[in-house]
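Report on the structure given below.
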Amino acid sequence: SQQGEEDPQALSIQEGENATMNCSYKTSINNLQWYRQNSGRGLVHLILIRSNEREKHSGRLRVTLDTSKKSSSLLITASRAADTASYFCATDLSQGGKLIFGQGTELSVKP
Amino acid sequence: DTAVSQTPKYLVTQMGNDKSIKCEQNLGHDTMYWYKQDSKKFLKIMFSYNNKELIINETVPNRFSPKSPDKAHLNLHINSLELGDSAVYFCASSQAWGDKNIQYFGAGTRLSVL
Numbered sequence: 298s299q300q301g302e303e304d305p306q307a308l309s310i311q312e313g314e315n316a317t318m319n320c321s322y323k324t325s326i327n328n329l330q331w332y333r334q335n336s337g338r339g340l341v342h343l344i345l346i347r348s349n350e351r352e353k354h355s356g357r358l359r360v361t362l363d364t365s366k367k368s369s370s371l372l373i374t375a376s377r378a379a380d381t382a383s384y385f386c387a388t389d390l391s392q393g394g395k396l397i398f399g400q401g402t403e404l405s406v407k408p
Numbered sequence: 626d627t628a629v630s631q632t633p634k635y636l637v638t639q640m641g642n643d644k645s646i647k648c649e650q651n652l653g654h655d656t657m658y659w660y661k662q663d664s665k666k667f668l669k670i671m672f673s674y675n676n677k678e679l680i681i682n683e684t685v686p687n688r689f690s691p692k693s694p695d696k697a698h699l700n701l702h703i704n705s706l707e708l709g710d711s712a713v714y715f716c717a718s719s720q721a722w723g724d725k726n727i728q729y730f731g732a733g734t735r736l737s738v739l
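So the protein lines, in turn, are chains C and F.
The opening residue of the first sequence carries number 298 in the working numbering; numbering runs sequentially from there.
The opening residue of the second sequence carries number 626 in the working numbering; numbering runs sequentially from there.
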């Protein structure tokens, strides 16, 4: 069964607003990662958070991880039209590099 | 230079045909992967190879056969194509596992089986 579930499935905001996406998973993890996929393109790694970390920042991105609730969130601050993409969480279970992806959140940022 | 490149980008073929997708990475990574993304954008791992050795073999029909001639290449051969094989196939690579398991993806191969 699918490890990660993301919420919301779709999000539409105005430029300058913040966007928050959530991810829940089922089993213990080694780390959790977020990826972005622009339409018709491959996935691009954004940020990795280890299981013993609670929060991580990278530029306008902020990721939190709550292992007790088996959930993570990705916050994009001051969004731009160029942030329009699908965002996926992926859990690393330490099984030979296997990543299990959530179903993704489709973010649309309107100028 | 593209880090992970896969060819072809588009593949349209008839049911029952055999086709191959090629992947190459110039990042010096040890591990390479094949993923399948369906029409709902659900991405699922199919195979992984580490230094030419098969590591992950998910529940994939044996019509799909990966081949890794060296650690920079991982090809995917599909026999007797079926309608349900229509999807986007992504190749990826990573330096190592654990906290170095940051995966770099190719641009994808969109396979349409008619």
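Using N, Cα and C, we set each Cβ at its ideal position, and we do this for glycine too.
In whole angstroms, give me the CA-to-CA distance for residue i and residue j.
i, j, result
"residue 651 of chain F", "residue 700 of chain F", "15 Å"
"residue 705 of chain F", "residue 664 of chain F", "21 Å"
"residue 636 of chain F", "residue 687 of chain F", "20 Å"
"residue 343 of chain C", "residue 634 of chain F", "24 Å"
"residue 378 of chain C", "residue 335 of chain C", "12 Å"
"residue 328 of chain C", "residue 338 of chain C", "24 Å"
"residue 695 of chain F", "residue 647 of chain F", "12 Å"
"residue 321 of chain C", "residue 736 of chain F", "30 Å"
"residue 298 of chain C", "residue 669 of chain F", "Model confidence at residue 298 of chain C stands at a pLDDT of 46, short of 50, so the residue's coordinates are unreliable; what they give is reported in the following sentence. Computed Cα separation, rounded: 11 Å."
"residue 676 of chain F", "residue 656 of chain F", "6 Å"
"residue 367 of chain C", "residue 347 of chain C", "13 Å"
"residue 738 of chain F", "residue 649 of chain F", "24 Å"
"residue 729 of chain F", "residue 385 of chain C", "14 Å"
"residue 641 of chain F", "residue 708 of chain F", "9 Å"
"residue 710 of chain F", "residue 682 of chain F", "17 Å"
"residue 323 of chain C", "residue 301 of chain C", "7 Å"
"residue 370 of chain C", "residue 325 of chain C", "17 Å"
"residue 685 of chain F", "residue 671 of chain F", "7 Å"
Put residue i into one of helix, strand or coil per three-state DSSP.
i, result
"residue 708 of chain F", "helix"
"residue 307 of chain C", "strand"
"residue 743 of chain F", "An answer regarding residue 743 of chain F cannot be provided, because it is not within the stretch 626 to 739 covered by chain F."
"residue 380 of chain C", "helix"
"residue 298 of chain C", "Since pLDDT at residue 298 of chain C reaches only 46, below the 50 mark, its modelled position is unreliable, and no value is offered."
"residue 244 of chain C", "Within the shown structure, residues of chain C are numbered from 298 to 408, placing residue 244 of chain C beyond reach of any answer."
"residue 724 of chain F", "helix"
"residue 421 of chain C", "With chain C running from 298 to 408 in the structure shown, residue 421 of chain C is simply not present."
"residue 695 of chain F", "strand"
"residue 655 of chain F", "coil"
"residue 392 of chain C", "coil"
"residue 685 of chain F", "coil"
"residue 333 of chain C", "strand"
"residue 326 of chain C", "coil"
"residue 677 of chain F", "coil"
"residue 717 of chain F", "strand"
"residue 347 of chain C", "strand"
Just to check my reading of the structure: residue i and residue j have Cβ atoms closer than 8 Å, yes? What is that Cβ distance to the nearest angstrom?
i, j, result
"residue 387 of chain C", "residue 397 of chain C", "6 Å"
"residue 629 of chain F", "residue 731 of chain F", "4 Å"
"residue 673 of chain F", "residue 399 of chain C", "Going by Cβ atoms, the distance from residue 673 of chain F to residue 399 of chain C rounds to 19 Å, so no, they are not a contact pair."
"residue 698 of chain F", "residue 645 of chain F", "The pair is not a contact, with the Cβ atoms about 12 Å apart (cut-off 8 Å)."
"residue 376 of chain C", "residue 315 of chain C", "7 Å"
"residue 351 of chain C", "residue 362 of chain C", "6 Å"
"residue 662 of chain F", "residue 717 of chain F", "Their Cβ separation, rounded to whole angstroms, is 11 Å, which puts residue 662 of chain F and residue 717 of chain F out of contact at 8 Å."
"residue 345 of chain C", "residue 680 of chain F", "No, residue 345 of chain C and residue 680 of chain F are not in contact; Cβ-Cβ is about 20 Å, not under 8 Å."
"residue 402 of chain C", "residue 305 of chain C", "6 Å"
"residue 631 of chain F", "residue 734 of chain F", "6 Å"
Review point. On the three-pair Cβ rule with 8 Å, is the region 683-693 of chain F touching the region 300-311 of chain C?
Key: Contact fails between the region 683-693 of chain F and the region 300-311 of chain C, because fewer than three Cβ pairs, one in each stretch, are under 8 Å apart.
Exercise for review: Tell me the start and end of each unbroken alpha helix (DSSP H) in the region 627-651 of chain F that is at least 4 residues and wholly inside, in chain order.
Suggested key: Complete alpha helix (DSSP H) runs here, min 4: none at all.
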